[in-house]
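Participant: Quick note: the sequence shown uses numbering that gives the first Met the number 0, first residue 0, plus one each step. Got a structure for you, written out below as structure tokens; questions coming shortly.
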Amino acid sequence: MKRVALRPALCQKSYLAQSSQTIFLRRIPPTLYNNSHIQRRYSSTVGSERANRGPLSGVRILDLSRVLAAPLCTQILGDYGADIIKVEDIERGDDTRYFRAQGEEFTWREEYGPMSNYFTAVNRNKRSICLDFKQQKGREICLRLVKEVDVVPGALRRLGLDYEVLSQVNPKIIQASVSGYGPTGPYAQRAGYDMIAGAEAGFLHLTGEKNGPPIRAGLGVTDMATGLMMHGAIIAALYSRKETGKGQQIDASLFETQVALLTNVAMTWLNMGQEAERWGAQHPSVVPYDAFKTKDLYFVCGAINDKQFKILCEKLGVNELLEDPRFRTNSLRVEHREALFPPLHEAFAAKTTAEWSEAFEGSGMPYAPINTMKEVFNHPQTAARGIVKDIEITAATSGRRSILDLHFWEGSYDLGYGKRLKMSDRGVKLPRAPGHEVLGIVEKAGPDAKDVEIGSRRIVYPWIGCGTCRRCLQGDDNLCPQSRPIGVATNGGFASHVIAPHPRFLVDPGNIDPAVACTFACSGITVLSAVRKVLPLEPEDPILLIGAGGLGLAAISTLRALGHERIISVDIAADKRDAALKAGATAVVDSSTEDAAAKIQEAAGAPIFGTIDFVSNTKTAALAFAVLGKGGKMVQVGVMGGELNLSLVGMIFKAPTVMGNYVGNPAHLREVVQLAQAGKLMPIPVTTIAPHEAFSGLERINRGEVTGRLVLKWE
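Structural data, given as structure tokens:
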């Protein structure tokens, strides 16, 4: 059995079956990031397949925070659309991965490392990497990332990466640090967690029953309040930077946040010198306000004014309290609370919580039962407001790799396709994976892979079939029911190596520019496959190409290489239409105009028997069908999505052949390379950038500033 393996650090073990034809291939040239100092060991991506269209879309955050306060802050910013890269400890990840409630099963899987409910609660919308700051290279990588981002939350002073250092690298950076007590003062070096800082700041002096011991709040109130305040400060800093063009430093601490939260209690001490005390569920300055024991459970209500106190007394049937001069105003009720509460507790104990809820409904009186978690998440208001959403916890296979985006691919490859299109919005999930467009160097080969030289450069066909089904035996691995992409689908990284199961998946690019050759592995074979479905036609027969991006321009070049003379290209963008003319189109048409069909037919001057749609939405498919001649072929390639709304009567009279096109097969890759080596393919425009420029490159694509293909050059 022949089998070639291009072993990646990301590969699943099932891909490494013993074989005599195994090839080990790395990307070319070596990655910018030194993998001994950067590790994608764990994935923190929780529900990251969002549309990223919020008000902070385009804001990039390098999150070096941990535990609860700042992770909650960055999670909220991610909810608003910011792109979050979370940096974790290289040895164990974030500590909260191991924070398990009693009875919570410890989950550790190779795909995403240890996970806990605590961790997933505050790490939504993030992608995770690990940096070793003990190594100089780890520090260098961090600073390189700082150049590309807008905000850096986390305690960095201990790493020698304070605001002064970061602002020299990126003057517009917003650095937000969070600590227990702040960077100055006698307690600056003390560690501080939620309850610790809460105790120091007086919070635990307030919690618990009157004259009883302190009781910790059931949630990390101090931590979460710090995160909420910090997220507001970051948004304010972003707004300020828009006005001034300058970044700034944000200093948040648990101690100061909790002191600020003392509010009215603080004012009572500062202005009156009156010490606070514990009140249990009661309020120090509003009476009555308490959790009352009912016949079965508890019932919480509060009367903050005289009108509400009247309602409360009437519902409880204790109208005599309204006549008591000790209870006529809130100030008097506060003074005489010890006399007021016993008759109220006695009245509430006469009925169940459900009965009191029914009695107070519609009264205007604020009230609530004390719900369990089960009751909260089965609550009609929870459902009505859409508070809970089911999301997928996506995972990355453990291994060492670089740190760019899910939709960036191995070697030199196109950047724009996956980032701009959200397949989930279109009802499909394509098998995209880091490494699916690979041009690399062979490092190892099995003993029977004699036709593959170590150190040779190869393009890798990206869809690997089972090798035994009818489709594979016909050479159409892309149509195999069990077809899988080269590489492993993961959030936030690239494989450094990949595996292929047979030498037939490798093609020698010869002297072709690697930045161009790498695009053949997907876009090149997609175009050739689509063109072959339209042909054969006479050289003078007009062919319509919809879309003049990278695929559309490649199609023009391919048709010219195959001897076709009449090519009509349509696109909504003027610069792309100009590029189509330069690539060899005989005519171009603006497809956004109402008379686009008429202009296409006028430019064709003859019946159009072949159309290839590289956009494939409802409008472009309708346009293709409108101009298609009788008996013509209509090929859909793009994945913009929509419904195919074609006239059934038109289908009868035109008798078209309508086909979809899912990439191409290994033979198509060999043919594309042969055409290029023979000089028959006019190279499409290719712009190369370094990996650390990937984010800015994507912004250029989204602004429409890139014609053709944008690829990463690993050197």
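Think of the CB as a built atom: it goes at the ideal place given N, C-alpha and C, for glycine as much as any other residue.
What does the Cβ neighbour count give for V500, buried or exposed, with the cut at 16 atoms within 10 Å?
Facilitator: Note that residue 500 is Pro in the sequence shown, not Val. Classification for P500: buried.
Participant: What is the residue span of the alpha helix (DSSP H) that F376 lies within?
Facilitator: That run of the alpha helix (DSSP H) goes 372 to 376.
Participant: In angstroms with no decimal places, state the Cα-to-Cα distance between A529 and P54.
Facilitator: The straight-line gap from Cα to Cα measures roughly 39 Å.
Participant: Can the beta-carbon of G197 be found less than 7 Å from the beta-carbon of T221?
Facilitator: Yes, the Cβ-Cβ distance between G197 and T221 is below 7 Å.
Participant: Just verifying my parser: in three-state terms, what is the DSSP assignment at T686?
Facilitator: Note: T686 maps to strand in three-state DSSP.
Participant: Does DSSP put N616 in a helix, in a strand, or in coil?
Facilitator: Note: N616 maps to strand in three-state DSSP.
Participant: Could you tell me which of R457, N510, C465 sits nearest to A520, measuring between CA atoms?
Facilitator: When only C-alpha atoms are compared, the closest one is R457.
Participant: Counting C-beta neighbours from all protein chains within 10 Å, is the total for F652 16 or more, i.e. buried, or is it exposed?
Facilitator: Label assigned to F652: exposed.
Participant: To which residues of the same chain is I599 closer than 7 Å at the C-beta, ignoring the five residues directly before and after it?
Facilitator: Excluding positions up to five away in sequence, the list reads L543, I567, V569, V588, V626.
Participant: Under the rule that 16 or more other beta-carbon atoms within 10 Å means buried, what is K418, buried or exposed?
Facilitator: Residue placement at K418 is poorly supported in this model, since its pLDDT is 34, which falls under 50; the coordinates are not used for a value here.
Participant: Between I524 and H667, how many whole angstroms is the CB-CB distance? I'm expecting something under 8 Å.
Facilitator: Indeed, because the Cβ distance is near 4 Å, the residues count as touching under 8 Å.
Participant: Do you know how far the Cα of G92 is from the Cα of C129?
Facilitator: Spanning the two alpha carbons is a distance of roughly 7 Å.
Participant: Assign Y460 to one of two classes, buried (16 or more other C-beta atoms within 10 Å of its C-beta) or exposed (fewer than that).
Facilitator: Classification for Y460: buried.
Participant: Return the residue from the list A68, E163, V164, V148 that minimises the CA-CA distance to N122.
Facilitator: Per the Cα distances, A68.
Participant: Go ahead and pull the three-state DSSP assignment for P152.
Facilitator: The answer is strand: DSSP assigns P152 an E or B state.
Participant: Output the distance between the C-alpha atoms of L558 and I611, rounded to the nearest integer angstrom.
Facilitator: Looking at the two C-alpha atoms, the distance is approximately 12 Å.
Participant: Would you give the residue range spanned by the alpha helix (DSSP H) that T381 belongs to?
Facilitator: Unbroken alpha helix (DSSP H) run through T381: 379 to 383.
Participant: Measuring only the C-alpha atoms, how far is E163 from V264?
Facilitator: Taking the straight line joining both Cα atoms gives about 37 Å.
Participant: How far does the beta strand (DSSP E) with R325 in it reach, from first residue to last?
Facilitator: No beta strand (DSSP E) holds R325; DSSP gives it neither H nor E.
Participant: Do F624 and D540 come within 7 Å of each other at the CB atom, strictly closer than that value?
Facilitator: Cβ distance not < 7 Å, so D540 and F624 don't count as in contact.
Participant: How about A582 and K679: are their beta carbons less than 7 Å apart?
Facilitator: No. Outside cutoff.
Participant: List the residues that DSSP assigns as beta-bridge partners of L505.
Facilitator: DSSP, once it has assigned bridges, lists V459 as partnering L505.
Participant: Say the cut is 6 Å; is the CB of T656 nearer than that to a heavy atom of the ligand FMN?
Facilitator: Absence of the ligand FMN is noted for the structure shown, with no ligands found whatsoever.
Participant: Identify the residues that DSSP records as bridge partners of I128: which are they?
Facilitator: DSSP output for I128 lists V86 as bridge partner(s).
Participant: Between S178, E601, R332, K85, which has its C-alpha nearest C141's C-alpha?
Facilitator: Nearest option by C-alpha distance: K85.
Participant: DSSP three-state label for S397, please.
Facilitator: Note that S397 scores a pLDDT of 34, beneath 50, so its modelled location is shaky; the value from the coordinates is reported in the next line. Coil, per DSSP.
Participant: Are the region 297 to 316 and the region 245 to 265 touching, with three or more C-beta to C-beta distances below 8 Å?
Facilitator: Result no; under three Cβ-Cβ pairs closer than 8 Å.
Participant: Look at R708 and V685 and say whether their C-beta atoms are less than 7 Å apart.
Facilitator: Contact: yes.
Participant: Using DSSP with H/G/I as helix, E/B as strand and the rest coil, what is Y162?
Facilitator: Correct three-state label for Y162: helix.
Participant: At what residues does the alpha helix (DSSP H) containing C465 begin and finish?
Facilitator: Here C465 belongs to no alpha helix (DSSP H), and DSSP marks it neither H nor E.
Participant: By the DSSP assignment, the beta strand (DSSP E) with T656 in it spans what residues?
Facilitator: Segment 656 to 659, the beta strand (DSSP E) holding T656.
Participant: When DSSP builds the beta bridges, which residues end up paired with G640?
Facilitator: In DSSP, G640 forms a bridge with N616.
Participant: Where do the N-terminal and C-terminal ends of the alpha helix (DSSP H) with A579 fall, by residue?
Facilitator: Start and end: 573 to 582.
Participant: Less than 7 Å separating the beta-carbons of G153 and L63?
Facilitator: Yes, the pair counts as a contact, with Cβ atoms nearer than the cut-off.
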